[in-house]
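Counting along the sequence shown from 1, when you hit position 155 you're at 150 in the numbering used here, and nothing is skipped either side. Notes to accompany the following structure.
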Amino acid sequence: MGGKVKRTRRQKQRRRQEGGAFRVHPLFLLAGAYACFNRSLPLYLGAVLVALEHECAHSLAAAKLGFCLNRVVLMPYGAVITGNLDGISFKDEIRVAAAGPLCNLCTALFFAALWWLFPDTYAYTDTAFYLSLFIGAGNLLPFYPLDGGRVLKCALATRTGGKTAEKICRTISAVAAALLLIAATALAFSGGGALSLFFSAAFLFFGAFSSGGKYEKISPDYAAAFSRGIEVKRAAADGAMTLKRALALCESGKYLVLEVHAGGERIFEAEEKELYGAVSGENLYKTLSEIFIKAEKSEKRSFYSRENAKNA
């Protein structure tokens, strides 16, 4: 009993240190107060909702690879997701990075189509359209920490390597921040409003030298699911299927039991819990046979033998 209490206290302490799964940055509250002062609070809150939609699209794209968001922090310019995405290929990282802007652009396209079908809705949806278009298109700019900068880094990494590509992208972002700062200073001395340019310059500068938003491995609460009962989904796959493709077979509200075959015979079964457990220790792009046969040899799990599989 005492050990359980200690573990609970440690978990609560760790959650306080990490700030929980959802946190509001103090600058977000300050920006909200500034928006109230300028009578633009509805516009600001609308931008935050579009930014949350953007980050959720990133999260869903990463979830298909077996990762989930660790923490969402509301910032003055939107929302930031943190965690760890180690081991992902550059191609899949591009897909995760592009998911957010594409979601916003699709939302903008939806509102444009709505105007064509129902012109009277323009007066009620024009703000949502322009916010979605601005955030979606703006995030495609090739600067860190924007998604366009991550896409550029991955594209360059296929030719120059990850470290060199990251240095190039961060340098581009720093130069862009310096140019924005010069433009903002010149505009300020000429009597123009330069606050947004100063803010953009600071955003790019800190983004160029900070670590990007990432994800962590999904770890579902199977104990709770089993206690209340959960439907089992059975599927069959060849041993040459990659772990990444196998994870795509998982469905919310169902527990996957995957029969793995080779040469027309079932060689073993892998449960959903084992598939997600392999994400941390094995590459997403290895085959199921490579991952789990290696685990069998190291006595990490027990398999059905071919004889038992035939009699099952």
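Glycine is no exception: its CB is placed at the ideal position from the N, C-alpha and C atoms.
Here DSSP, grouped into helix, strand and coil, assigns residue 250 to strand. Residue 98 holds the alpha-carbon nearest to the alpha-carbon of residue 47 among 162, 98, 86.
In the three-state scheme derived from DSSP, where H, G and I count as helix and E and B as strand, residue 228 is classed as strand.
In the three-state scheme derived from DSSP, where H, G and I count as helix and E and B as strand, residue 105 is classed as helix.
Within the DSSP secondary-structure output, residue 91 pairs in no beta bridge. For residue 261, the three-state secondary structure derived from DSSP is strand. Considering only 135, 43, 282, 271, the residue with the shortest C-alpha distance to residue 96 is 135. Contact between residue 251 and residue 235 is absent: CB atoms are separated by about 18 Å, not below the 8 Å threshold.
Here the alpha carbon of residue 167 sits roughly 14 Å from the alpha carbon of residue 198. Note on residue 101: under 16 other CB atoms within 10 angstroms of its CB, so exposed under the neighbour-count rule.
When the beta-carbon positions are compared, residue 279 and residue 244 stay at least 9 Å from each other. Distances from the alpha-carbon of residue 127 to those of 153, 254, 39, 256 put 39 closest. 9 Å or more divides the Cβ of residue 154 from the Cβ of residue 88.
Residue 37: member of the alpha helix (DSSP H) spanning 36 to 58, first to last residue. Per DSSP, residue 184 is one residue of the alpha helix (DSSP H) stretching across 157 to 184. By alpha-carbon distance to residue 219, the top candidate from 238, 248, 32 is 248. As a beta-bridge residue in DSSP terms, residue 282 pairs with 237. In its chain, beyond the 5 residues on either side, 234 have a beta carbon closer than 6 Å to the beta carbon of residue 257. Around the beta carbon of residue 115, fewer than 16 other beta carbons sit within 10 angstroms, so the residue counts as exposed. Across the structure, residue 158 and residue 150 are spaced so that their CA atoms are roughly 13 Å apart. Membership of residue 127 in the alpha helix (DSSP H) is indicated by the continuous run 117 to 133. Annotation for residue 217: the continuous alpha helix (DSSP H) segment containing it runs 217 to 223.
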